[in-house]
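Laid out in structure tokens, this is it:
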């Protein structure tokens, strides 16, 4: 009993000391009966009561704790927002792409495209979807003069197509070297008389490295992803890093590519055969499932590039525009000259088979012509050696005669 009473007294002393009371209150039950100690009772209105009330007033209330936690959450949100804004400001400065490992050179096509995209984005203030569209249109406008020359060359070729086809067929069928050279001279004279320089026909081929550069540049930017790509899309594709969930961009791209091939290609003057038209109709449709997993940024470029191609085709087909730009009008198709080959009425596979066989025959004829040329050179060397005059001394001649 004594041990239990002592423990109670000790616990009360500890509690009292923790609360900070000035005086210690000991219960009478904790004092053994043989010990008589003076006991003093303190009123609640004394100094100890004031200390308890002070402790209660100094402790924060629940409302204060709630308000402080709310203010802390608000400050944290502000900090996150400021950090995001800072990152966004960094992406609006020249050199941001280089700092994250992109746009490292000035000679690789994809790096050049990334430099151009960054410059347009920074100086124009456009969102990334607008930057992609503006850059695509800008580059196509710079290439427009080359397409004008290409369209004029195609139109000039259309005026001499039957004669040119006949000469080409004759050139590929001949196995005589001199005859082949003669036909080649006739072909060159025909082109020169009509002011045709076929090197301008290669102008649309410049789209190949540019398209590959855009594809790789946007793919790497979406995979990183570049700041702003996740929220600077448009319409139904707000996130440029993800694939179009509705395949809308893929369908638009296929539609515009079919349209401009039906209208005469990007030069507005090409006359595709029926098999080629069918082929250029099937390929864009096949491209829809093939590109369904590409990021929206990449397919957005294809869509804007195709849309500009349709617009360019319509412009170059306009007679008023062609007259102002001094572009030759496309001649109406004429019946082929006898001896000229035509694949107009062939199917796709028949046309491909015909072209493969044609290339094979041409390679065989070229090899035969090379063999003949080599034989002629050897004969010429032999005749040259036999035709040399040998100078013999008179004494040697007399000795040989004896």
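Numbering (the numbering used here), first residue to last: 702 to 1103.
The C-beta atom is built at its ideal place from N, Cα and C for all residues, glycine as well.
All of these numbers come straight from a predicted model, not from anything done at the bench.
Tell me, which residues are paired with residue i by DSSP?
i, result
"residue 935", "938"
Would the beta-carbon of residue i fall within 9 angstroms of that of residue j?
i, j, result
"residue 938", "residue 949", "yes"
"residue 902", "residue 861", "no"
"residue 913", "residue 811", "yes"
"residue 935", "residue 831", "yes"
"residue 1024", "residue 967", "no"
"residue 1118", "residue 847", "No answer is possible for residue 1118: the residues shown for the chain start at 702 and end at 1103."
"residue 888", "residue 869", "yes"
"residue 942", "residue 996", "yes"
"residue 981", "residue 1014", "no"
"residue 920", "residue 999", "yes"
"residue 823", "residue 836", "no"
"residue 1017", "residue 852", "yes"
"residue 807", "residue 794", "no"
"residue 1077", "residue 843", "no"
"residue 1001", "residue 840", "no"
Between residue i and residue j, which are expected to be in contact by the criterion C-beta below 8 angstroms, what is the C-beta distance as a whole number of angstroms?
i, j, result
"residue 694", "residue 931", "Any property of residue 694 remains undetermined from this structure, which presents the chain solely from 702 to 1103."
"residue 918", "residue 814", "4 angstroms"
"residue 856", "residue 1031", "5 angstroms"
"residue 1066", "residue 886", "At roughly 18 angstroms, the Cβ-Cβ gap does not stay under 8 angstroms, so residue 1066 and residue 886 are not in contact."
"residue 989", "residue 952", "6 angstroms"
Is it right to say residue i is buried, meaning 16 or more other beta carbons lie within 10 angstroms of its own, or is it exposed?
i, result
"residue 965", "buried"
"residue 819", "buried"
"residue 805", "exposed"
"residue 1085", "exposed"
"residue 1006", "buried"
"residue 897", "buried"
"residue 829", "buried"
"residue 849", "buried"
"residue 1081", "exposed"
"residue 663", "Because the chain is modelled from 702 through 1103, residue 663 falls outside the range shown and cannot be assessed."
"residue 1034", "exposed"
"residue 736", "With a pLDDT of 46 at residue 736, under the threshold of 50, the modelled position of this residue cannot be trusted; read the value that follows with caution. The residue in question, residue 736, is exposed, as its Cβ has fewer than 16 Cβ neighbours within 10 Å."
"residue 826", "exposed"
"residue 845", "exposed"
"residue 1087", "exposed"
"residue 946", "exposed"
"residue 1069", "exposed"
When the cut-off is 9 angstroms and only beta carbons count, does residue i lie next to chain C?
i, result
"residue 874", "Protein chain content of the structure displayed is limited to a single chain, and chain C is not contained in it."
Those runs of the alpha helix (DSSP H) which lie wholly inside the region 1011-1038 and span at least 4 residues: 1020-1025
Return the chain-ordered ranges of every alpha helix (DSSP H) run that is complete within the region 964-1006 and spans a minimum of 4 residues. 975-991
Please give me, in chain order, every unbroken run of the alpha helix (DSSP H) with length at least 4 that falls completely inside the region 876-908. 878-894
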